[in-house]
Amino acid sequence: MKSEEKMAFLKAVLSLAKVDGDVDVKEAAAFQKICDFLGIGNMEVSSAQQAVLTGKETMDDYLAEIRDRKSQLYLLYAMVSIAYADGDYSDSEKQEIRRVLSRTDINEDKLHEIEAVVAEEVVLLDKIDKVLERE
Numbered sequence: 001m002k003s004e005e006k007m008a009f010l011k012a013v014l015s016l017a018k019v020d021g022d023v024d025v026k027e028a029a030a031f032q033k034i035c036d037f038l039g040i041g042n043m044e045v046s047s048a049q050q051a052v053l054t055g056k057e058t059m060d061d062y063l064a065e066i067r068d069r070k071s072q073l074y075l076l077y078a079m080v081s082i083a084y085a086d087g088d089y090s091d092s093e094k095q096e097i098r099r100v101l102s103r104t105d106i107n108e109d110k111l112h113e114i115e116a117v118v119a120e121e122v123v124l125l126d127k128i129d130k131v132l133e134r135e
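Everything in the sequence shown is counted per the working numbering, starting at 1 for the first residue and increasing by one.
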C-alpha cells in the first residue's frame with residue numbers, strides 16, 4: 001500500500017472505532033495489530049487521529065484513496081475485527097461497515113464470509129487466552 005492509501009485506511013478504521021462511542025482495551029489492541037501489520041508508526045497514528053477528530057474529511061474521502069480490491073477486502077476485515085474486538089458488534093458498527101461496503105467493489109456475500117471468519121477468530125483467541133491462563 002502507498003502511504004496515502006495507508007493513511008486513508010487508518011483514518012477509515014479510526015472513524016469506525018468511534019462510531020459506537022466507546023474504544024476499549026481490546027479494540028485498541030486490535031487496532032495496534034493492524035498498524036503493526038501495515039507498518040504504521042505512532043506519528044502516523046497521531047496524525048490520523050487528529051485528522052479524524054477535526055472531521056474535515058469524511059469516510060467517502062478515505063475510501064476514495066482505497067481503490068484496490070485487496071485493500072478494500074483488508075479494510076473490511078480490519079473494520080469487522082475492530083467492531084468484534086470488544087465483544088459487541090453493535091448495530092451502529094454494522095450499519096457503518098455496510099455503508100463502507102456499498103462504496104467498494106465487494107459484495108455482501110464476501111462481507112458475510114469476513115464476519116464469519118472474524119467471529120471464529122474471536123472465539124479461537126479467547127480459547128488461547130484461557131489455555132495460556134491470560135485471563
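By construction, the Cβ of each residue, glycine as well, lies at the ideal position given by its N, Cα and C atoms.
query: Whole-Å CB distance - lysine 6 paired with isoleucine 40, under 8 Å assumed; result: 6 Å
query: Where leucine 101 falls, given that 16 or more other Cβ within 10 Å makes a residue buried; result: buried
query: Residue nearest to alanine 8 in terms of C-alpha spacing, selected from Val25, Arg67, Gln32; result: Arg67
query: Beta-carbon proximity list for alanine 106, same chain, < 7 Å, skipping 5 on both sides; result: Per the sequence presented here, residue 106 reads as isoleucine, with alanine not at that position. Gln72, Leu73, Leu76.
query: Three-state class that DSSP yields for serine 90 in the structure shown; result: coil
query: Distance CB(leucine 63)-CB(alanine 12) smaller than 8 Å; result: yes
query: Selection from Ser81, Phe31, Gln50 that minimises the alpha carbon distance to glutamate 113; result: Ser81
query: Nonlocal neighbours in the same chain, by C-beta distance under 6 Å from arginine 103, ignoring five residues either side; result: Leu63
query: Cutoff 8 Å: alanine 51 Cβ touching any chain C Cβ; result: Of the protein chains in this structure there is only one, and it is not chain C.
query: 8 Å Cβ shell around glycine 55 - same chain, five flanking residues per side excluded; result: none
query: Contact under 8 Å by Cβ, methionine 59 with serine 90; result: no
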